[in-house]
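Novice:
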Amino acid sequence: MDDVLERNIPKFIPSLAFSIARKRSTTSKTIKPPGKNWPRAFEKRQRAYQVSKSIFRHASKAWNTMVSGNWAESNMSEISLPDDSCDVFNIIMFIAHWQFDKLPATLTPRSLVDIALMSDKYDLGHLLRAVAEQKNWLQPYKDNSGAWASDINLQDFTHYNEFRVYG
Numbered sequence: 001m002d003d004v005l006e007r008n009i010p011k012f013i014p015s016l017a018f019s020i021a022r023k024r025s026t027t028s029k030t031i032k033p034p035g036k037n038w039p040r041a042f043e044k045r046q047r048a049y050q051v052s053k054s055i056f057r058h059a060s061k062a063w064n065t066m067v068s069g070n071w072a073e074s075n076m077s078e079i080s081l082p083d084d085s086c087d088v089f090n091i092i093m094f095i096a097h098w099q100f101d102k103l104p105a106t107l108t109p110r111s112l113v114d115i116a117l118m119s120d121k122y123d124l125g126h127l128l129r130a131v132a133e134q135k136n137w138l139q140p141y142k143d144n145s146g147a148w149a150s151d152i153n154l155q156d157f158t159h160y161n162e163f164r165v166y167g
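According to full-length UniProt numbering, numbering within the sequence shown proceeds without interruption in unit steps and concludes at 167.
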């Protein structure tokens, strides 16, 4: 099965930069999760996202604390997320910004696990539950009876993530 996620999303290092909007009182930030090989990739391939600070804060309690608490990031105009995957971050930002039409139709087990890990890390299960069900991302990995396949990656997925889609 082709990984739609890998085909449609460029392999860049994302950068989250928050900038203050000129005409509005709301602020936005750009986010950069550089990915697994970030020191090398960060130098050449960096992808910046400008996102609504309000949406970013409301997507996750951890992100809310990061940008509005007593953390150094709360005063920065740009934030890097060096341990996070650009591909996964991209999907989560599409969901947080209600851009469901930009989401891939299918995901590989590895992509599902990566999403689950980021969801667990930043407490994003509430964002992903309905979308995973609507997109039927998990259905291809169930057997005919609706039970989970014995794939260890999918077992990790269900363990790490709160959102479970049943039969």
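Just so it is clear, CB atoms sit at the ideal spot from N, CA and C, and this is done for glycine as well.
Fair warning: this is a prediction, and the values are worked out from it, not measured in the lab.
For Lys135 versus Leu103, is the C-beta distance shorter than 9 Å?
Specialist: Between Lys135 and Leu103, the gap from beta carbon to beta carbon is short of 9 Å.
Novice: Identify whether Ala105 lies in helix, strand or coil by the three-state DSSP scheme.
Specialist: coil
Novice: Does the beta-carbon of Trp98 have 16 or more other beta-carbons within 10 angstroms, so that it is buried, or is it exposed?
Specialist: exposed
Novice: Which residues does DSSP pair with Lys53 in a beta bridge?
Specialist: Partner(s): none; Lys53 has no beta bridge.
Novice: According to the Cβ coordinates, are Ile92 and Leu127 closer than 9 Å?
Specialist: yes
Novice: Is the beta carbon of Ala96 closer than 9 Å to that of Val51?
Specialist: Against a cut-off of 9 Å, the Cβ pair of Ala96 and Val51 comes out as a contact.
Novice: Would you tell me roughly how many angstroms separate the C-alpha atoms of Ala48 and Pro140, rounded to the nearest one?
Specialist: 32 Å
Novice: Identify, in the order they occur along the chain, each residue of the same chain with its Cβ nearer than 8 Å to the Cβ of Asn70, setting aside the five sequence neighbours on each side.
Specialist: none
Novice: Near Asn64, what residues of its chain come up, given a Cβ to Cβ distance below 6 Å and the 5 sequence neighbours on each side ignored?
Specialist: Arg57
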